[in-house]
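For the sequence shown, my numbering assigns the number 5 to the initial residue and increments by one for each residue that follows.
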Amino acid sequence: MKICLIPVFLSLIIYVILFLKGKKKGDLYITELLRNKFENILLYFNIFEVQYPESYLNNEKLLGLHVRDIEKDAYRAYPILKELKQKDYFRIFKVNLHLSCKVFLKGNEKCKEIKKCSVCECEQDEIPYNFRTNEIEIIENKMTNEDLKKTFIESYEQNDKEAVRLLDDLLENFYHSCSSKEFLEPLFPQHGKDILSKFMNITNILDCVPCVKCRLHGKLKTTALQIALVEGVSDEHIGSLERNEITALINALYYFADSILIINKFEDRLKLKKTIFIFYELSFSLFLFLEIYSIIFLTIRNYKKKKKKVAYMNICIYIFTKGKKKIK
């Protein structure tokens, strides 16, 4: 039992001596070597520190904007964009008309997914009887278009009001990104058309991507960037936008804001994982300490018992020999 305790205490003594002396091994101190070993252990468990670029740490300017101000704008716009993205006007639906299915899919289809969906076709028996008749004259001259228009407005009126309110909230906020003079000036007033033509080549390359979801989101982001480039590289301005361009802008802004915020979320998640790992490590160290302490305690207790037993036997022998002498 005592022999097993020797390497434990010997290693602890050596570590304390090396730590206090700060003995060098090459150009690194022992403490730094131990820190590197600990970081390697954390990296093995997929726990590491987030390394921010110097521009973020120093809060440098990009196009006249401080990096931290851009981050604040992302925090301000993200909840509005997230809610606005769920509205029907800005939602993306993907439909495959070549395969039969009974539901619509949103734009969350996985790459290389075997099962895809399309618009289902009703069977003849499922069509209501009134719709199957040939009596077209019944609905003739009944202001059908007016009824359809009213039905559409009643169906989406509440949704449209909510979307307009969210758009107003999005546009009424003060953003640092829109207040910089450098940001509002054209980036390349003389070479704007050349840059746009090269950018169009990138959008054409996306047509070769086999993944449908990747191609869809790539088209969204490149369409939004193309609109931003048209406004930013020259003095030309876009008069109005089509619906697909507005949808692309809202979705791209949401993804860009989410990309900025995800770093902080990722860092918080890593801190949580690191805290849990340190907790487990301390628990294991405490368990190991209790094991060593119990071994030492049992060893000392057994030694004391053995010592008491020997002393008791010596006393008994002494009394027995002394009593024997008196009898003689």
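Glycine is no exception: its CB is placed at the ideal position from the N, C-alpha and C atoms.
Range of the contiguous alpha helix (DSSP H) that encloses residue i
{"i": "Asp-211", "result": "Where Asp-211 is concerned, there is no enclosing alpha helix (DSSP H), given that its DSSP letter is neither H nor E."}
{"i": "Val-88", "result": "Reading off the sequence shown, one finds Leu at residue 88, where the question assumed Val. Start and end: 71–88."}
Cutoff 6 Å; reference residue i; Cβ partners in own chain excluding five residues on either side
{"i": "Tyr-93", "result": "Ala-167"}
{"i": "Leu-152", "result": "In this predicted model, Leu-152 has a pLDDT of only 47, less than 50, meaning its place in the structure is not dependable; the value taken from the coordinates is given anyway. No residues qualify anywhere along the chain."}
{"i": "Phe-293", "result": "none"}
Contacts around residue i, its chain only, beta-carbon distance under 7 Å, and the 5 residues preceding and following it disregarded
{"i": "Ala-252", "result": "Leu-224, Thr-227 and Ala-228"}
{"i": "Tyr-79", "result": "Leu-265"}
{"i": "Val-71", "result": "Ser-59, Tyr-60, Asn-63 and Glu-64"}
{"i": "Ile-157", "result": "With a pLDDT of 44 at Ile-157, under the threshold of 50, the modelled position of that residue is not reliable, and the figure given next carries that caveat. Same-chain partners within the cutoff: there are none."}
Residue burial classification, residue i (beta-carbon count within 10 angstroms, cutoff 16)
{"i": "Leu-276", "result": "exposed"}
{"i": "Ile-209", "result": "exposed"}
{"i": "Leu-290", "result": "exposed"}
{"i": "Ile-321", "result": "exposed"}
{"i": "Ala-261", "result": "buried"}
{"i": "Gln-69", "result": "It should be noted that the sequence gives Leu, not Gln, for residue 69. Classification of Leu-69: buried, given that the 10 Å Cβ count is 16 or more."}
{"i": "Ala-81", "result": "buried"}
{"i": "Asp-77", "result": "buried"}
{"i": "Ala-315", "result": "exposed"}
For residue i, the nearest candidate out of the options (CA to CA)
{"i": "Ile-84", "options": "Glu-271, Ile-299, Ser-289 and Leu-170", "result": "Leu-170"}
{"i": "Tyr-258", "options": "Leu-88, Arg-72 and Lys-278", "result": "Leu-88"}
{"i": "Ala-232", "options": "Leu-294, Val-213, Ile-254 and Asn-268", "result": "Ile-254"}
{"i": "Glu-75", "options": "Ile-319, Asn-268 and Phe-293", "result": "Asn-268"}
{"i": "Ser-201", "options": "Gln-230, Leu-245, Leu-292 and Leu-175", "result": "Gln-230"}
{"i": "Asp-173", "options": "Ser-244, Lys-312, Phe-283 and Lys-86", "result": "Lys-86"}
Whether residue i touches residue j by CB criterion (9 Å)
{"i": "Val-234", "j": "Gly-222", "result": "no"}
Sequence-distant residues of the same chain with beta carbon closer than 8 Å to residue i, five excluded per side
{"i": "Ile-206", "result": "Thr-226"}
{"i": "Asp-211", "result": "Arg-219"}
{"i": "Arg-247", "result": "Tyr-93"}
{"i": "Lys-335", "result": "A question about residue 335 goes unanswered here, because the residues of the chain that appear run from 5 up to 332."}
{"i": "Ile-242", "result": "Ile-231, Val-234 and Glu-235"}
{"i": "Lys-313", "result": "none"}
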